Amino acid sequence: MSAEYPFSDVEDEPLLNIKAVSHATGIESVTLRAWERRYGVPMPNRTTQGYRLYSKRDVAILNWLKARIEEGLTIKRAVDLLQNQIPQRADTIAEQAAAAEVAPTESTIDSAASLTDLASSLMDSVHRFDTVKAQQVIKQAFVLYPVEDVCLHMLLPVMADIGEEWQTGQTSLQVEHFTTHMVRQQLLALGATMPSPWRPGRVVAGCAPEDWHEMGILMLSLFLRRRGWEVIFLGQAVGLNRLVDSLDMIKPDVLMLSSGYLNTVINLLGVGETIIEARGDSVWFVYGGTVFEHAPQLVGQLPGVFAGESLLEARDRIDALLSGSWQPEQRAHTQIPPALFEAFTTMKAVELTLTDGMSGLLMQTAPDMPPDEATQQARYIIGAFMAAVRFNLPTLQNSEANIARHLIVQLDVPRGSVEDLLKYYLGTHNMAQLHPFIDALFAAAE
Ligand code: B12
1 MSAEYPFSDV EDEPLLNIKA VSHATGIESV TLRAWERRYG VPMPNRTTQG
51 YRLYSKRDVA ILNWLKARIE EGLTIKRAVD LLQNQIPQRA DTIAEQAAAA
101 EVAPTESTID SAASLTDLAS SLMDSVHRFD TVKAQQVIKQ AFVLYPVEDV
151 CLHMLLPVMA DIGEEWQTGQ TSLQVEHFTT HMVRQQLLAL GATMPSPWRP
201 GRVVAGCAPE DWHEMGILML SLFLRRRGWE VIFLGQAVGL NRLVDSLDMI
251 KPDVLMLSSG YLNTVINLLG VGETIIEARG DSVWFVYGGT VFEHAPQLVG
301 QLPGVFAGES LLEARDRIDA LLSGSWQPEQ RAHTQIPPAL FEAFTTMKAV
351 ELTLTDGMSG LLMQTAPDMP PDEATQQARY IIGAFMAAVR FNLPTLQNSE
401 ANIARHLIVQ LDVPRGSVED LLKYYLGTHN MAQLHPFIDA LFAAAE
């Protein structure tokens, strides 16, 4: 799939570092970075460490710009001329500023502020629930730095710090929600101001069924938009019901879903299997997300294609899929032994009663535990157990992805009671299959 525009016949594979490009074009590195920052031209790929990687097409564009400047045009005029020929390639600083209605002269932030400075201003403003300041800081960052850098080096650290503070009780749930809302709102606003897609590939992106962690996939959607691809963003918890009908209507090249924690990754199995069965190779099913960081043993265990370990890697992989330079196999899900599958389907059928039973067991062991918390924790324990069984990976329970793994031992829940509970609801015949998973559950927390 290659776009019909000048330079489209020149190779677009990211190969050259900034030094090589400077040497090839005679344009200083500092000027290359300034043109990218001011005009978004060219917009090179990045390595996972964040270093620029230019293509031969980028070099051709730079030589073209240089020739116009030598003819007497200003760089601004040369870029305008180029963008009239190439459908908009990148959102320029000027466009972003105008669209985001930033008035830099009114800003209280130093125009040379680093992303670290901006991150601490944002931390400060969200702690004070200062909407105006928080919006202003984020907008300012988008004016000063590339979207990818703002997301990865400013917004992400802020969200991680707020998350950490919330988990350790240093800050409130309200501050966490406010921050998430602020960031989400600004990212969506930025997306709305981006130029129309100019490359002929379409992505549908969202979260796995029942998963609400949408920030990563939202950022990835913006990164892909900046590469010129069309992205239809579906947000949180994309349901399986009528998904195939919607995809028939949208006709995407890629369906990309992310999962943030173990209890929802299992839902990706159903989606992947359904889509691949219904539509075969006409759509790539791509999966990724935070859960694969917490449980790397899951990589390759789902149908479809793994997006990669980071947002930039996922962007580059999807870019390669859409432009046809990468054609991996759509892996089928590894089959599990039939007896284990039967144990899983029995568990699925009685999941709610099993969760109730586990919740009762937790309250018996820890009489002070509020019923809501017991239900929540029981849901995590049963969900993680089921995911481990469905993937035939007992070690999933030991992984960081199982958020309730320490609870069992902390509370000293008797192993015999857990076995009795499972035997009662699942029947003795399923127990032999489940022993390795029970072992792992009790080993997990040690
Ligand atoms: C915001 C947040 C929420 C919000 C989400 C709102 C929204 N609109 O997105 C709300 C309040 C809804 C929420 C709910 C829950 N959350 Co929450 N949440 C967070 C928080 C604070 C920040 C996550 C975030 O958005 N970060 C910004 C993004 C961009 O970064 P990231 O998620 O770390 O992602 C990075 C990578 O994983 C990767 N990535 C992300 N997505 C994708 C996608 C692809 C394709 C790829 C390749 C890469 C990728 O890129 C990012 C940069 O490296 C974290 C805490 C933390 N320290 O991270 C917990 C956290 C993720 N939540 C967690 C949990 C458990 C939950 C809940 C189950 C209950 C709870 N304890 O609150 C519910 C689940 C609800 C559901 N059904 O999904 C856990 C997950 C634990 C684990 N080990 O799996 C965390 C880590 C907190 C914790 N330790 O308890 N949460």
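Sequential numbering of the sequence shown, starting at 1, is according to the numbering used here.
Where is the CB? At the ideal position from N, CA and C, for every residue including glycine.
Small disclaimer: the values here were computed from a predicted structure and weren't measured.
Residue i, buried or exposed, once every other Cβ within 10 Å from all chains shown has been counted against 16
i      : result
SER221 : buried
ALA339 : exposed
TYR380 : buried
GLU446 : The pLDDT assigned to GLU446 is 47, lower than 50, so where the model puts this residue is not dependable; a value taken from the coordinates is nonetheless given after this. The residue in question, GLU446, is exposed, as its Cβ has fewer than 16 Cβ neighbours within 10 Å.
GLU36  : buried
ILE69  : exposed
PHE306 : buried
HIS435 : exposed
ASP58  : buried
ARG128 : exposed
ALA103 : Residue placement at ALA103 is poorly supported in this model, since its pLDDT is 34, which falls under 50; the coordinates still yield a value, given next. Label assigned to ALA103: exposed.
GLY427 : exposed
ARG226 : buried
ARG405 : buried
ALA34  : exposed
ALA98  : With a pLDDT of 43 at ALA98, under the threshold of 50, the modelled position of this residue cannot be trusted; read the value that follows with caution. With fewer than 16 Cβ atoms within 10 Å of its Cβ, ALA98 is classed as exposed.
GLN140 : buried
GLY216 : buried
LEU352 : exposed
Beta carbon of residue i nearer than 9 Å to that of residue j
i      : j      : result
LEU187 : LEU218 : yes
ALA314 : GLY288 : yes
PRO303 : GLN327 : no
LEU354 : ILE408 : no
GLU148 : LEU32  : no
LEU82  : VAL21  : no
ALA374 : LEU393 : no
VAL203 : TRP166 : no
MET154 : LEU190 : no
VAL389 : ALA343 : yes
LYS66  : ILE27  : yes
VAL10  : ALA60  : yes
MET347 : TYR424 : no
LEU396 : LEU247 : no
CYS207 : GLN174 : no
VAL244 : ILE275 : yes
LEU421 : GLY324 : no
Bridge partner(s) assigned by DSSP for residue i
i      : result
ASN45  : LEU53
SER325 : None, per the DSSP bridge assignment.
PHE7   : Its beta-bridge partners do not exist; DSSP assigns none.
VAL231 : VAL203
LEU352 : Note: LEU352 sits in no beta bridge, so no partner.
PHE391 : Note: PHE391 sits in no beta bridge, so no partner.
TYR287 : LEU257 and PHE306
ARG331 : GLY304
LEU16  : TYR54
Selected residue, minimal CA-CA separation from residue i, among the options
i      : options                           : result
THR25  : GLU13, THR179 and SER55           : SER55
LEU240 : LEU441, ALA278, ALA374 and ALA404 : ALA278
GLN135 : GLN185, TYR145, HIS127 and THR168 : GLN185
LEU321 : GLU36, PHE344, PHE341 and PHE285  : PHE285
MET249 : ALA237, GLN236, LEU32 and ILE232  : ILE232
GLN410 : ARG128, HIS127, GLN377 and ALA384 : GLN377
PHE450 : ALA113, PRO337 and ASP161         : Outside the modelled stretch of the chain, which goes from 1 to 446, sits residue 450, for which no answer is possible.
GLN335 : CYS207, ALA78 and PHE391          : PHE391
ILE318 : THR131, ASP253, LEU115 and LEU144 : ASP253
THR180 : ASP161, PRO197 and MET194         : ASP161
PRO44  : PRO337, ASP316 and ALA295         : ASP316
ALA387 : ARG38, LEU268 and MET182          : LEU268
ARG415 : THR365, LEU396, GLY308 and MET369 : THR365
MET256 : GLU293, HIS294 and GLU214         : GLU214
GLU210 : GLY216, ASP245 and ILE266         : ILE266
PHE7   : SER258, VAL30 and PRO42           : PRO42
GLY280 : PHE292, SER258, LYS251 and GLN301 : LYS251
SER120 : PRO157, LEU152, LEU144 and PRO146 : PRO157
ARG46  : THR290, SER125, SER29 and LEU15   : LEU15
HIS177 : THR193, TRP212 and ARG199         : TRP212
ILE138 : SER172, MET182 and GLY169         : MET182
VAL126 : GLY40, THR171 and VAL30           : THR171
PHE341 : ALA295, ASP80 and ASN430          : ASN430
LEU152 : ARG242, THR116 and SER29          : THR116
Under 8 Å: do the stretch 394 to 406 and the stretch 243 to 263 share three or more Cβ pairs, one atom per stretch? Flag = yes, the stretch 394 to 406 and the stretch 243 to 263 touch.
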